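S.K.: Sharing a structure below in structure tokens format, with a few things to ask.
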Amino acid sequence: MSADDQKRISGEAAADLVESGMTVGLGTGSTAAWFVKALAARGLKDIRGVPTSEATATLARELGIPLAALDDVKSIDLTVDGADEVGPGLSLIKGGGAALLREKLVWEASSRCVVIADAAKKVDALGKFPLPIEVVRFGHVHTSWRLADIAAEFDLPPPRLRQADRGMVVTDGGNLIYDMASGVIADPAALAAALKSITGVVDHGLFLDLADEALIGTDQGVVRLAP
Ligand code: 5RP
2 MSADDQKRIS GEAAADLVES GMTVGLGTGS TAAWFVKALA ARGLKDIRGV
52 PTSEATATLA RELGIPLAAL DDVKSIDLTV DGADEVGPGL SLIKGGGAAL
102 LREKLVWEAS SRCVVIADAA KKVDALGKFP LPIEVVRFGH VHTSWRLADI
152 AAEFDLPPPR LRQADRGMVV TDGGNLIYDM ASGVIADPAA LAAALKSITG
202 VVDHGLFLDL ADEALIGTDQ GVVRLAP
């Protein structure tokens, strides 16, 4: 089974968790897109989607899913989203699609968070995928120097500004992304706290103690994991 098929079956399994009347957080990325498509295909009445990016909002609108902004809902029943790495205890690296800030805001407002992924995303330790860090534009080079100091404390290389074909990647919130490559993040909680202590850092892609379950698409079908 291809990685995309594994993403598809995990997205379809997650869509089965949604019930009529629910407010649903809609993640970002190719796996979350499969979820959004499967959710739309179910044709449930009275659901509201809270998108985690402009890209997901566009897709959901095209598929006829009614949308609400985060500030228009009191709480979110279920959020389904992809991940770049799924580590021990369902610790995650997210933000490969530069949507980590809105994703984390939506996740934190949700009663239940389900991560969906293909089998290659499951890792024994976080860190092979470069950790995305969202940084405000003003003084971002200075912020990157402070990030490099923190990286050195954790035996990690300095972060690199994410570039696309047309220059710097700019998030939906108008911020920039630095990626901190590593290998192994030995103490994700300590690194998360250190990164948040820097003024220019808006947030980072370590999602710790947020996922309630994972639905991993494998060649043998969808495997459910608990923290
Ligand atoms: C976007 C994310 C995505 O969920 C993550 O990058 C996984 O993407 P994909 O499902 O395309 O592999 O965090 O910011």
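Residue numbering for the sequence shown is 2 to 228, as defined by the numbering used here. For each residue, glycine too, the CB sits at the ideal point set by N, CA and C. Note that the structure is a prediction, hence the values are computed from the model and not measured.
Any contact between the stretch 135-149 and the stretch 169-189? By contact I mean 3 or more CB pairs, one from each, below 8 angstroms.
M.R.: Because the criterion of three Cβ pairs below 8 angstroms is met, the stretch 135-149 and the stretch 169-189 touch.
S.K.: Do you know offhand how far Ser-112's Cα is from Val-81's?
M.R.: Using only the alpha carbons, I get a separation of about 11 angstroms.
S.K.: Just how far apart, CA to CA, sit Met-181 and Gln-7?
M.R.: Rounded to the nearest angstrom, the two C-alpha atoms are 27 angstroms apart.
S.K.: Relative to the C-alpha of Thr-172, which candidate in Gly-96, Glu-63, Asp-150 and Lys-75 has its C-alpha closest?
M.R.: Of the candidates Gly-96, Glu-63, Asp-150 and Lys-75, the one whose C-alpha sits nearest the C-alpha of Thr-172 is Gly-96.
S.K.: Can you list the alpha helix (DSSP H) stretches of 4 or more residues lying completely in the stretch 134-204, in chain order?
M.R.: Listed in chain order, the complete alpha helix (DSSP H) runs (minimum 4 residues) inside the stretch 134-204 are 141-154 and 189-197.
S.K.: Taking just the CA atoms, how far does Ile-117 sit from Gly-1?
M.R.: The structure shown does not extend to residue 1, since the chain is modelled only from 2 to 228, so the question has no answer here.
S.K.: For Glu-86, which beta-bridge partners are listed by DSSP?
M.R.: According to DSSP, which records beta bridges pairwise, Glu-86 is partnered with Ile-94.
S.K.: My understanding is that Ile-186 touches Leu-192, with C-beta atoms under 8 angstroms, so please give their C-beta distance in whole angstroms.
M.R.: The pair is a contact, with the Cβ atoms about 6 angstroms apart (cut-off 8 angstroms).
S.K.: With Leu-229 as the anchor, note down where its alpha helix (DSSP H) starts and where it stops.
M.R.: Nothing in the structure corresponds to residue 229, since the chain is present only between 2 and 228.
S.K.: Is Leu-102 near Val-203, with beta carbons less than 7 angstroms apart?
M.R.: Yes.
S.K.: Any residue with its Cβ nearer than 5 angstroms to a heavy atom of ligand 1 should be included. What is that list in chain order?
M.R.: For ligand 1, the selected residues are Thr-29, Gly-30, Ser-31, Thr-32, Gly-83, Asp-85, Lys-95, Gly-96, Gly-97, Gly-98 and Ala-100.
S.K.: Going by CA-CA distance only, name the one from Thr-144, Gly-26, Ala-42 and Leu-209 that's closest to Val-51.
M.R.: Residue Gly-26 is the option with its Cα nearest to Val-51.
S.K.: Under the three-state reduction of DSSP, which class applies to Arg-113: helix, strand or coil?
M.R.: DSSP places Arg-113 in coil when its eight states are reduced to three.
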